[in-house]
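The structure under discussion appears below in the form of structure tokens.
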Amino acid sequence: MEALERIDERLADIQAQIAEIRVIYDSHSRRLDKLESEIYGNGRAGLATQLRAVLWIASGSLTFAALILAQTIAAWLH
Numbered sequence: 001m002e003a004l005e006r007i008d009e010r011l012a013d014i015q016a017q018i019a020e021i022r023v024i025y026d027s028h029s030r031r032l033d034k035l036e037s038e039i040y041g042n043g044r045a046g047l048a049t050q051l052r053a054v055l056w057i058a059s060g061s062l063t064f065a066a067l068i069l070a071q072t073i074a075a076w077l078h
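Counting along the sequence shown from 1, when you hit position 9 you're at 9 in my numbering, and nothing is skipped either side.
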């Protein structure tokens, strides 16, 4: 009889731990969904898209500046 009571107590402990894990999992799942939505946008421009646009604009601007600098140096040396 004692063995069954110990098993019941252990089972109750395991069930309590599982309930705690479910609460933590649900919280983490919601936070990950929110983070993914912020990064990828889910129908709007997310951080990844915005960063890509900024890098594209910066590379274009730097290329233009390099061409102007090269033109200026070429004119100065000629």
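Backbone N, C-alpha and C fix where the C-beta goes; we use that ideal spot for every residue, glycine too.
- Quick one: measure Cβ to Cβ for glycine 60 and threonine 49, integer angstroms, because I've assumed they're closer than 8 Å. About 17 Å; that fails the 8 Å criterion.
- Query: Going straight from the alpha carbon of valine 54 to that of glycine 46, what length do you get?
  - Reply: 12 Å
- Message: Measuring only the C-alpha atoms, how far is leucine 77 from arginine 44?
- Response: 49 Å
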